[in-house]
Each structure stands twice: as structure tokens, then as C-alpha cells.
Amino acid sequence: MTFTVLIPARYASTRLPGKPLLDIAGKPLVVRVAERAQASGAERVIVATDDERIRAAAEQHGIDAILTRGDHATGTDRLAEAALSLNLDDKAIVVNVQGDEPLLEPALIREVADELRAHADASIATACHPITDLQEAFNPNVVKVVLDHAGYALYFSRATIPWARDAFSEKRDKLPLELPLYRHYGLYAYRVGFLRYYPSLSASQIERFEALEQLRALWHGHRIAVRITMGTPAPGVDTQEDLDRVRALYAAGTASD
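Just add 7 to wherever you are in the sequence shown, counting from 1, and you've got this note's numbering.
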């Protein structure tokens with residue numbers, strides 16, 4: 008199965024300015040991400056950026072990169088422009104890999120592409136894993152997803168869903184057995200035809216209130232297939248502490264563990 012990985016990368020970052028270019032063991036962060044993506048078996052890996060410095064840094068390390076507009080509201084809009092400029096076929100599959108995840112498992116990228124390929128009626132595929140940690144369950148920064156019987160997303164939320172009415176009315180010191188509580192992992196595969204169409208979709212109220220872009224697709228009736236994985240995927244680089252941890256892992260040669 009062939010698929011293309013697109014990595015949206017912006018220079019601007021509130022907490023870590025110039026984040027894609029920050030050094031990790033001698034290479035920029037965005038290059039480390041691209042290297043992980045290349046190990047997934049993708050036919051092509053391309054950085055889509057609005058900044059010439061990022062494009063130049065990627066190509067200096069042998070990574071394909073293209074320039075996109077700087078006024079995109081979302082990373083998905085940036086991907087749509089990139090897919091258009093690359094003249095990808097409408098049936099082709101594109102995986103969106105965030106540009107700040109240098110510990111991403113290459114196998115997960117391939118699995119999400121496989122998930123979309125296996126569901127012809129889905130426009131998007133993504134991944135999740137069971138929540139077993141109590142703090143994660145009630146943390147609004149941890150996005151949850153509820154699935155139907157066939158593994159399609161019913162809803163995404165920052166709230167604890169599904170809510171165990173009886174168990175949580177008494178106490179919330181543990182998770183009930185068999186509660187189907189899943190943490191959404193923000194890795195997406197798209198059919199290019201949908202990706203081209205996406206910018207024309209209007210934002211919905213649920214998307215704005217939850218601050219979750221994927222709800223736009225559900226709101227407009229598009230199906231999202233979800234691959235359930237085991238274990239917790241490695242976190243991305245959002246803070247200086249995250250960056251220090253990743254640098255230490257690369258320095259110790261354990262970044263792929």
C-alpha cells in the first residue's frame with residue numbers, strides 16, 4: 008500500500024519560537040520527525056511550511072519540502088494546499104504527521120493509512136488507545152473519542168465521555184471495569200479528494216466550543232475510522248521540558264525505544 012506523509016510546519020510558536028528548527032542531536036526537529044515518517048514505508052515524505060528557513064533546513068537534510076501560504080487557519084488547510092500543489096490523485100491517501108513529534112512510532116503512521124484503506128466509506132482515519140490512568144480520564148487537555156460498533160467515531164470531546172453515571176455519582180477514585188474510554192491520538196489519514204474539499208466546509212459550533220478541528224468533519228456527515236492501539240504514544244514537543252527530554256533520549260540512543 009502506498010501513501011504520502013505531509014508534515015505541516017509553522018515557524019511561529021507561542022512557547023517555543025522557531026520550534027521546527029530547534030536542534031535535536033545535530034538535526035532540526037522537523038527533520039527528526041520526517042526521518043520517523045520515512046521509516047513508516049511512505050512513498051513520499053514532504054514538509055509543508057510557510058517559512059523559507061524551514062524549507063531550506065529540510066532540503067539541506069534531504070527532505071522534500073514545499074512552501075504554502077502563511078494565512079491558513081488550520082494545519083488541515085495547509086495540507087489541502089499542499090495536496091493541490093503536488094497534483095495528488097483524489098483517491099490517494101495522505102497521512103498528516105505533526106511537525107513536533109520526533110518520537111512518533113513509524114508503525115502507527117502506516118497503521119492509520121491502512122485503516123483508511125480498509126474503510127472505503129470513511130473520509131478520514133485516526134487512532135486512539137484505552138485510557139487506564141485516572142488523571143487522563145478527567146484531564147480536559149486529553150481528548151477522548153467515543154466509537155460505534157464498527158469502529159467509527161461518534162464524537163470527540165475534552166470531557167470524560169462516555170460518562171459512567173452510576174460509578175461516578177458515588178466516587179471518582181477509579182475507572183469502572185470495561186468503561187470504553189479512549190484517548191484520541193492526533194494522527195490523521197485523509198483521502199486527497201476529501202482534503203481538497205475540506206477548506207469549503209464551514210466551522211461548526213461544537214468545533215468552536217470544544218476547540219477540536221476534527222468535529223467539523225463529523226458535523227458535516229463525514230465518517231472517521233479509528234484504529235485502537237495499545238500503549239500510550241510518546242508525547243510531542245510543546246515545552247522546553249519536552250525538548251530537553253527528547254534531546255536526552257536521542258543523546259542516549261534510545262529515541263526509538
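We put the CB at the ideal spot given by N, CA and C, even for glycine.
Sufficient close CB pairs (3 or more, under 8 Å) joining the region 184-201 to the region 128-142: yes
G193, enclosing beta strand (DSSP E) - first and last residue: Y189 to R198
8 Å Cβ cutoff met for V199 and A99: yes
Touch test, the region 48-65 against the region 18-35, Cβ-Cβ under 8 Å, three pairs minimum: yes
Given A218 as reference, the closest of R252, R165, D245 and R43 once Cα atoms are compared: R165
Buried versus exposed, by CB contacts within 10 Å (16 or more), H156: exposed
Proximal residues to L74 (C-beta, below 6 Å), its chain only, five neighbours per side dropped: R62
Heavy atom of the ligand MG within 7 Å of H229 beta-carbon: Inclusion of the ligand MG in the displayed structure is not the case, the ligand content being empty and no account of it being possible.
V150 in three-state terms, based on DSSP: coil
Where D107 falls, given that 16 or more other Cβ within 10 Å makes a residue buried: buried
Spatial neighbours of V119 in its chain, beta-carbon cut-off 8 Å, leaving aside the 5 residues before and after: V102, A132, T133, A134, L194, Y195, A196 and R234
Continuous beta strand (DSSP E) stretch holding V37: start and end: Counting along the chain, V37 falls outside any beta strand (DSSP E), though it belongs to the alpha helix (DSSP H) covering L36 to Q45.
S176 - containing alpha helix (DSSP H), residue span: R172 to E177
CB of L188 within 8 Å of CB of A224, strictly: no
Between the CA atoms of R43 and V12 - distance to the nearest angstrom: 11 Å
Beta-bridge pairing of A129 - partner residues as DSSP gives them: In DSSP, A129 forms no bridge with anything.
Counted within 10 angstroms of its Cβ, other Cβ atoms place E214 as buried (16 or more) or exposed: buried
Residues bridged to V12 (per DSSP): V52 and V102
Cβ pair I14, A55 closer than 8 Å: yes
Cβ distance (whole Å) where V150 is taken to contact A160 below 8 Å: With a Cβ gap of about 11 Å, V150 and A160 do not count as contacting.
Cβ-Cβ distance between L182 and L141 below 8 Å: yes
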